[in-house]
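Structure first, commentary second.
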């Protein structure tokens, strides 16, 4: 009997050592994958910075704050594409976030059960549409609408306002940063609304039923129960859409106008970092290619800063929620 017990103990020890080795190996493998991602990101950023060293040495800090972009004279300034990238992304988020919130709220709180599945699946399928399709739709459908209806309305009614009117005055071309913002908004709505819908579904039914039992309206349940419960995840979904909007290329290139001339107006043609690189990289000379690579590094930094801000906001929210 003692021999059997000793054999059982020995087998257990061997199994424990084997499980420990497997756990250690699994942990090492996961750590290596994380390190690989960090090395790949750092390598991509440093390679673009190294490729743009010629222009960076020539222009210095002026590259980041100048509006001059003249490849003929080898004078490069990144302010115009940086401005276009940020403005189009902000316009897209101002349009997409309320619509995405409405879609997610409708699918989780208002729509009948038989409609929630098909509509939710259709919205998620929109995320798989290639960006070039959105660009072509924007060029052939949205641009004529902007030219005939939207731009004249902005010029007549919003463009006359003293302070903000400068943002909404321009020729009826149809292409410009506002049009690019509309196209980007349509592209990021599936991402944001899908995230919001999924996190809204995680709210315990008992919480909502308790609020309804106390006489709360549907809006009060959403505002006081659903949003506080899912606030961190909702903000994370919004920043996920923002990251998508910052780096979009082909859809924006179709409708933004692709001109490296500074204009504060949203109705004027402009450009973004991604669109400028996509349009000019194939035919760029050595110095021009260096400037475009440096622009790619700038886009990397801008995206990294935005996502870092998102992480800090989420961490701050989690601390506040833990402190209550």
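Residue numbers (UniProt numbering): 1 to 324.
For each residue, glycine too, the CB sits at the ideal point set by N, CA and C.
Opposite residue i in the DSSP bridges: which residues?
i: residue 76; result: 69
i: residue 270; result: 257
Start and end of the alpha helix (DSSP H) containing residue i?
i: residue 210; result: 205-213
i: residue 235; result: 227-247
i: residue 284; result: Looking at the DSSP string, residue 284 is not in any alpha helix (DSSP H), and its letter there is neither H nor E.
i: residue 163; result: That residue, residue 163, is in no alpha helix (DSSP H); it is neither H nor E in DSSP.
i: residue 216; result: Looking at the DSSP string, residue 216 is not in any alpha helix (DSSP H), and its letter there is neither H nor E.
i: residue 200; result: 177-200
i: residue 123; result: 113-126
Leaving aside the five residues before and after residue i along the sequence, list all residues of the same chain whose C-beta is less than 6 Å from its C-beta, in chain order.
i: residue 239; result: 310
i: residue 146; result: 174, 179
i: residue 266; result: 167, 177, 178
i: residue 15; result: none
i: residue 74; result: 287
i: residue 299; result: 273
i: residue 181; result: 88, 91, 92
Ignore the nearest five residues each way along the sequence and tell me which others in residue i's own chain have a CB closer than 8 Å to its CB.
i: residue 136; result: 254
i: residue 25; result: none
i: residue 235; result: 310, 313, 314, 317
i: residue 164; result: 158
According to DSSP, simplified to helix, strand and coil, what is residue i?
i: residue 51; result: helix
i: residue 257; result: strand
i: residue 129; result: coil
i: residue 384; result: Only positions 1 to 324 of the chain appear in this structure, which leaves residue 384 out of reach.
i: residue 169; result: coil
i: residue 315; result: helix
i: residue 1; result: In this prediction, residue 1 has a pLDDT of 49, which is less than 50 and means its spatial position is unreliable; nothing more can be read from the coordinates.
i: residue 297; result: helix
i: residue 63; result: helix
i: residue 101; result: helix
i: residue 36; result: helix
i: residue 135; result: helix
i: residue 304; result: helix
i: residue 25; result: helix
What residues in its chain sit with their C-beta under 7 Å from that of residue i, if we drop five residues either side in the sequence?
i: residue 108; result: 197, 200, 201
i: residue 307; result: 239, 243
i: residue 139; result: 254, 255
i: residue 144; result: 174
i: residue 264; result: 166, 167
i: residue 18; result: none
With a cut-off of 8 Å on the beta carbons, I'd call residue i and residue j a contact; round off their distance for me.
i: residue 177; j: residue 87; result: 5 Å
i: residue 56; j: residue 294; result: 6 Å
i: residue 96; j: residue 161; result: Contact doesn't hold; Cβ gap of about 25 Å is too wide.
i: residue 149; j: residue 183; result: About 17 Å; that fails the 8 Å criterion.
i: residue 128; j: residue 291; result: That pair is no contact at about 34 Å.
i: residue 48; j: residue 297; result: 4 Å
i: residue 63; j: residue 76; result: 6 Å
i: residue 69; j: residue 260; result: 4 Å
Should residue i be flagged as near chain C, meaning a C-beta pair shorter than 9 Å?
i: residue 143; result: Included in the structure is just one protein chain, with no chain C present.
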